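Protein chains in written order, with my numbering: chain A, 1 to 333; chain B, 334 to 666.
2 protein chains.
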Amino acid sequence: MRDVARVAGVSVATVSRALSRPDDVKAETLERVLSIVKETGYRSNQMAVQFRTGTSRSIMVLVSDITNAFYAEFFKGIEQYARSKGYVLLIGDTSEEAASERVYFDMLTSNKADGLLWNVDGIPTGYFQADDRSDLLDIPLVACNGIDDLDLPTVRIDNDLGGRLAAEHLLDLGHRRFAQVCGPLHHDSVKRRFDGFNLALRQAGIQVPDELTIPIKLGIDQGRRAAEDLLGLANRPTAVFVHNDATAIGMLHTFLKRGLSVPGDISVVGYDDMPYASAMTPELTTVRLPRRRWGAAACEMMIAVIEGKDIESREISIAPELKVRDSSGPPKA
Amino acid sequence: MRDVARVAGVSVATVSRALSRPDDVKAETLERVLSIVKETGYRSNQMAVQFRTGTSRSIMVLVSDITNAFYAEFFKGIEQYARSKGYVLLIGDTSEEAASERVYFDMLTSNKADGLLWNVDGIPTGYFQADDRSDLLDIPLVACNGIDDLDLPTVRIDNDLGGRLAAEHLLDLGHRRFAQVCGPLHHDSVKRRFDGFNLALRQAGIQVPDELTIPIKLGIDQGRRAAEDLLGLANRPTAVFVHNDATAIGMLHTFLKRGLSVPGDISVVGYDDMPYASAMTPELTTVRLPRRRWGAAACEMMIAVIEGKDIESREISIAPELKVRDSSGPPKA
DNA sequence: GTGAAAGCGCTAACAA
DNA sequence: TTGTTAGCGCTTTCAC
Chain A
1 MRDVARVAGV SVATVSRALS RPDDVKAETL ERVLSIVKET GYRSNQMAVQ
51 FRTGTSRSIM VLVSDITNAF YAEFFKGIEQ YARSKGYVLL IGDTSEEAAS
101 ERVYFDMLTS NKADGLLWNV DGIPTGYFQA DDRSDLLDIP LVACNGIDDL
151 DLPTVRIDND LGGRLAAEHL LDLGHRRFAQ VCGPLHHDSV KRRFDGFNLA
201 LRQAGIQVPD ELTIPIKLGI DQGRRAAEDL LGLANRPTAV FVHNDATAIG
251 MLHTFLKRGL SVPGDISVVG YDDMPYASAM TPELTTVRLP RRRWGAAACE
301 MMIAVIEGKD IESREISIAP ELKVRDSSGP PKA
Chain B
334 MRDVARVAGV SVATVSRALS RPDDVKAETL ERVLSIVKET GYRSNQMAVQ
384 FRTGTSRSIM VLVSDITNAF YAEFFKGIEQ YARSKGYVLL IGDTSEEAAS
434 ERVYFDMLTS NKADGLLWNV DGIPTGYFQA DDRSDLLDIP LVACNGIDDL
484 DLPTVRIDND LGGRLAAEHL LDLGHRRFAQ VCGPLHHDSV KRRFDGFNLA
534 LRQAGIQVPD ELTIPIKLGI DQGRRAAEDL LGLANRPTAV FVHNDATAIG
584 MLHTFLKRGL SVPGDISVVG YDDMPYASAM TPELTTVRLP RRRWGAAACE
634 MMIAVIEGKD IESREISIAP ELKVRDSSGP PKA
């Protein structure tokens, strides 16, 4: 910058102004400085800028398992919005280990990132296991799932609605005996779709029997196992609501392998609408989550929080929608 | 830090040393300083550290489309290795637009990241369209695909082998009439699996006719379309090699929908081994890419380059392996 | 509209 | 082994 200043015959202050607040510089001077910047290929040292201004223009996004394809669209939404505002994404994978969470939280408290986008189920244990919980509220933090008794700005999916949509669809088709394969119930997102589903059934006077409520770690292989379990039952359900598509296709695969017809013998409704859902045979009926929009909205709130703008609403809820395809149909007569 | 120093009755230099090079501090002093650091909850300001040391300990990873689930495991491999070395991941999505590439490249030249991991097909156009190509070589840059006539440290998948594995498997099954659905042939990774496949066939005295070589943008929907095209042909192939699993499941879906049996009427071999491949019905035979290992290896080389260590080999090639499942079988008699 | 100068928090060279 | 001190490159008051 000093070199540019010298060549342009101005002070470094003027160069700095030309670059960051061009309006404060006389047009003529501005032009001269800018042309020399271009000529010399000068780029400001972002480390110095960040240090001086105390802002890194980067957002840390924490997920529990980056391997989960579910996050791909979510990241895209964040990335697009962030880039449009001049922010970069730092991505961290906690693997649900407190130690990893801690590493990433420390980056915040040590100014490596300006804010944290928390898309992990549950509370950030790694952080305030050792510290005071209230510290959390001082950090620019936006949650992407509800977090019990912690009043954080939140952008979440309306999972109650998601569960309800699945239930109503299956009820409409005439089903009366259901199974629900859900994730760990202490996760807010899981709990809500669970409740939404059950509530809708209850309103129709139906309850899912305990042996047909199957809480597992979600995933393809776990889905296979859950399907086997279901097949072992005497009185099978005619429809299953599965808490994500990965698990649903594992189940679907097992059902078909064991000679069942879907939806003839059993209807399957997934959750997420992953790209492969529509390429299954039969095509998977599922609850579609607008993941990209979710990411963008979360990022928008994140930046608002970082920049201290006042937020209209501290809690945004994004509605999923039902995608009816071929894996659900009326029960056998 | 000054506060810690004061309380501990030492100079800031000693605090700094206690934190970064504990061996240079007397055990007794070290203990005292550290206990006060803990007590006060002091965290060093990483912006200042980065600024002063001129290193950000962050790695920029550029992909063409973060939405592609293919990258998930790749990121995981990078993240794990990076974190173990105290680096963070910056993730950028170029959407194959020169402007976006440029944004991210600028972050490097302006010290926002220490190095760039380039997992985009083709050369970084956005960067040296305007500048001199040789600049590229000054940046700590590791490519994850071969890049024509640019001698960059590279960690790539052995796609020649991948293509060959698919070909040999299908030849072994007795196939003689093939189709190949490939990505854009100007992409090195695509070209190589294309060549590997064709070379193996040629060695068996077989050639893929032009009308059965179908270069498209890869993806589920494009796979559906390619399948329709194939079905319209008079003299159908008995086997298809498809350049990724997403495209393969799109084709599979269409084949089944149109009443073909797979592999009875046509065998399908994919590429990647995405998690869903094993949950298709029939389960998808595919060429498995060890994506996590790939990411870790790439990250390892990246850090070696950043830290100026000498590298044993500037070009690492990772072998894929064939996963034989149910979508491939002998051709009809 | 521009320049001089202080100083952000830290590290490292050098001195003691 | 520890302390003193210069200075990393920039932004921003304040004075002109």
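Quick reminder that beta carbons are idealized off the backbone N, C-alpha and C, glycines included.
Being a predicted model, the structure only gives us computed values, none of them experimental.
* Asked: Assuming Arg-658(B) and Leu-622(B) make a contact with CB atoms under 8 Å, what is their CB distance in whole Å?
  -> As a first step, residue 658(B) is located in the second sequence; it is residue number 325 there, counting from the start. As a first step, residue 622(B) is located in the second sequence; it is residue number 289 there, counting from the start. Between Leu-622(B) and Arg-658(B) the Cβ distance is about 15 Å, and since that is not below 8 Å, they are no contact.
* To do: Pick out whichever of Leu-532(B), Ala-476(B), Asn-492(B) and Ala-512(B) has its Cα sitting closest to the Cα of Asp-562(B).
  => The count along the second sequence starts at 1 and reaches residue 562(B) at position 229. When each option's Cα is compared against that of Asp-562(B), the closest is Ala-512(B).
* Asked: Shorter than 8 Å from the beta carbon of Phe-75(A) to some beta carbon of chain B?
  -> Stepping through the first sequence from its first residue, residue 75(A) is reached at position 75. So yes, Phe-75(A) belongs to the interface.
* To do: Quick one: grab the DSSP three-state call for Phe-70(A).
  => If you number the first sequence from 1, residue 70(A) lands on position 70. Phe-70(A): coil per DSSP, three-state reduction.
* Determine, using beta carbons only, whether Ala-69(A) comes closer than 8 Å to chain B. => Counting from 1 along the first sequence, the entry for residue 69(A) is found at position 69. Residue-level contact by beta carbon holds for Ala-69(A) and chain B, with a gap shorter than 8 Å.
* Asked: Could you give the C-beta distance for Met-301(A) and Val-155(A), rounded to a whole number, given that I count them as a contact under 8 Å?
  -> On the first sequence, position 301 is the one that residue 301(A) refers to. On the first sequence, position 155 is the one that residue 155(A) refers to. Here Met-301(A) really is in contact with Val-155(A); their C-beta atoms are around 5 Å apart, less than 8 Å.
* Asked: What residues in its chain sit with their C-beta under 8 Å from that of Val-25(A), if we drop five residues either side in the sequence?
  -> As a position in the first sequence, residue 25(A) is number 25, starting the count at 1. Around Val-25(A): Thr-14, Arg-17, Ala-18 and Val-33.
* Asked: Thinking C-alpha only, which one of Val-240(A), Lys-85(A) and Val-103(A) is nearest Asp-93(A)?
  -> Numbered from 1 along the first sequence, position 93 holds the residue referred to as residue 93(A). Looking from the CA of Asp-93(A), the closest CA among Val-240(A), Lys-85(A) and Val-103(A) belongs to Val-103(A).
* Using 8 Å as the limit for Cβ to Cβ distance, is Asn-244(A) near chain B? -> Within the first sequence, the letter at position 244 stands for residue 244(A). Not a single CB atom of chain B sits nearer than 8 Å to the CB of Asn-244(A).
* **Ordered list of beta strand (DSSP E) runs contained in the region 108 to 195 of chain A, each at least 3 residues** => DSSP runs (the beta strand (DSSP E)) wholly in the region 108 to 195 of chain A: 115 to 119, 141 to 143, 154 to 157 and 178 to 182.
* Hey, how far is the Cα of Ile-285(B) from the Cα of Met-334(B)? -> Any answer about residue 285(B) is impossible in this case: the structure gives chain B only from 334 up to 666.
* Specify, as a first and last residue, the run of the beta strand (DSSP E) that Met-280(A) falls within. => As a working mapping, residue 280(A) is identified with position 280 in the first sequence. Note, Met-280(A): premise wrong, no beta strand (DSSP E); not H, not E.
* Asked: For Glu-307(A), does the three-state DSSP call read helix, strand or coil?
  -> Counting from one through the first sequence, the residue named residue 307(A) turns up at place 307. Coil, per DSSP.
* Using a C-beta to C-beta distance shorter than 7 Å, which residues of chain A count as neighbours of Asp-426(B)? -> Locating residue 426(B) in the second sequence gives position 93, where the first residue counts as 1. Simply Lys-76 and Glu-79.
* **Listed by chain order, chain A residues near Asp-439(B) by CB distance under 7 Å** => To locate residue 439(B), count along the second sequence from 1; it is residue 106. Result: Arg-43.
* Asked: Buried or exposed: where does Lys-332(A) fall if 16 or more other Cβ atoms within 10 Å of its Cβ makes it buried?
  -> Here residue 332(A) is taken as the residue at index 332 of the first sequence, counted from 1. Lys-332(A) comes out exposed.
* **Cut-off 7 Å between Cβ atoms - residues of its own chain near Asp-272(A), not counting five sequence neighbours on either side** => Position 272 of the first sequence holds residue 272(A). The residues are Phe-70, Asn-244, Asp-245, Thr-286 and Leu-289.
* Check the Cβ-Cβ distances between Ala-500(B) and every residue of chain A, and say whether any is below 8 Å. => Here residue 500(B) refers to the residue found at position 167 when the second sequence is read from its first residue. Not closer than 8 Å to any Cβ of chain A, the Cβ of Ala-500(B) fails to qualify, so no.
* Under three-state DSSP, which class holds Arg-558(B)? -> Taking the second sequence and counting its residues from 1, one reaches residue 558(B) at position 225. In this structure, Arg-558(B) counts as helix in the three-state DSSP scheme.
* Under 8 Å between C-beta atoms, does Arg-32(A) make it to chain B? -> Residue numbering aside, residue 32(A) sits at position 32 when the first sequence is read from its first letter. Cβ-Cβ to chain B under 8 Å: no for Arg-32(A).
* Asked: Interface residues of chain A around Ser-389(B) at Cβ under 7 Å?
  -> Counted from its first residue, the second sequence places residue 389(B) at position 56. Near Ser-389(B) (Cβ distances below 7 Å), the residues of chain A are Met-47.
* Candidates Ala-652(B), Gly-419(B), Cys-477(B) and Ile-582(B), of which the one nearest Trp-451(B) by Cα -> For this step, residue 451(B) is matched to residue 118 along the second sequence. Ranked by how close their Cα comes to the Cα of Trp-451(B), the residues Ala-652(B), Gly-419(B), Cys-477(B) and Ile-582(B) have Cys-477(B) in first place.
* Which residue or residues does DSSP assign as beta-bridge partners of Met-60(A)? -> As a working note, residue 60(A) is residue 60 in the first sequence. Answer by DSSP bridge pairing, in chain order: Leu-90(A) and Leu-116(A).
* Asked: Lys-257(A) by DSSP, collapsed to three states: which one?
  -> Mapped onto the first sequence, residue 257(A) falls at position 257. Here Lys-257(A) sits in helix by DSSP.
* To do: Pair every Cβ in the region 154 to 171 of chain A with every Cβ in the region 197 to 212 of chain A, then say whether three or more of these pairs are closer than 8 Å.
  => The region 154 to 171 of chain A is in contact with the region 197 to 212 of chain A.
* If the cut is a Cβ gap below 7 Å, which residues of chain A does Asn-452(B) touch? -> Residue numbering aside, residue 452(B) sits at position 119 when the second sequence is read from its first letter. Per Cβ cutoff of 7 Å: no residues; Asn-452(B) is ~14 Å from chain A at best.
* Under the DSSP definition of a beta bridge, which residues are partnered with Glu-321(A)? -> On the first sequence, residue 321(A) is found 321 positions in, with the first residue counted as 1. For Glu-321(A), the pairing in a beta bridge is given by DSSP as Arg-288(A).
* **is_contact[Arg-350(B), chain A] using C-beta, thresh 8 Å** => On the second sequence, residue 350(B) is found 17 positions in, with the first residue counted as 1. No, because no Cβ of chain A sits closer than 8 Å to the Cβ of Arg-350(B).
* Reducing DSSP to helix, strand and coil, say where Pro-22(A) ends up. => Residue numbering aside, residue 22(A) sits at position 22 when the first sequence is read from its first letter. The answer is helix: DSSP assigns Pro-22(A) an H, G or I state.
* Which first and last residues belong to the alpha helix (DSSP H) in which Ser-600(B) is found? -> Within the second sequence, residue 600(B) is the residue found at index 267, counting from 1. Looking at the DSSP string, Ser-600(B) is not in any alpha helix (DSSP H); the run it does join, the beta strand (DSSP E), is 600 to 605.
* Per-residue DSSP class, three states only, for Thr-546(B) -> Within the second sequence, numbered from 1, the residue matching residue 546(B) stands at position 213. Looking at Thr-546(B) - three-state DSSP - the assignment turns out to be strand.
* Ala-463(B) to Ser-353(B) span [Cα, whole Å] -> As a first step, residue 463(B) must be located in the second sequence, where it is residue number 130. As a first step, residue 353(B) must be located in the second sequence, where it is residue number 20. The pLDDT assigned to Ala-463(B) is 44, lower than 50, so where the model puts this residue is not dependable; a value taken from the coordinates is nonetheless given after this. If you take the alpha carbons of Ala-463(B) and Ser-353(B), they lie about 41 Å apart.
* Asked: For Glu-300(A), does the three-state DSSP call read helix, strand or coil?
  -> By one-based count along the first sequence, residue 300(A) stands at place 300. Taken through DSSP and simplified to helix, strand or coil, Glu-300(A) comes out as helix.
* **Partner residues on chain B for Gly-250(A), Cβ-Cβ distance less than 8 Å** => Translated into positions along the first sequence, residue 250(A) becomes position 250. Neighbours of Gly-250(A) on chain B, chain order: Ala-612.
* Among the residues of its own chain, which have a CB less than 8 Å from the CB of Gly-507(B), if the five just before and after it don't count? -> Against the second sequence, residue 507(B) aligns to sequence position 174. Excluding sequence neighbours, Gly-507(B) sits near Pro-663 and Pro-664.
* Give a yes or no on whether the minimum CB-CB distance between Tyr-276(A) and chain B is below 8 Å. => Translated into the one-based positions of the first sequence, residue 276(A) becomes position 276. Against chain B, the CB of Tyr-276(A) has a partner CB under 8 Å away; the residue lies at that interface.
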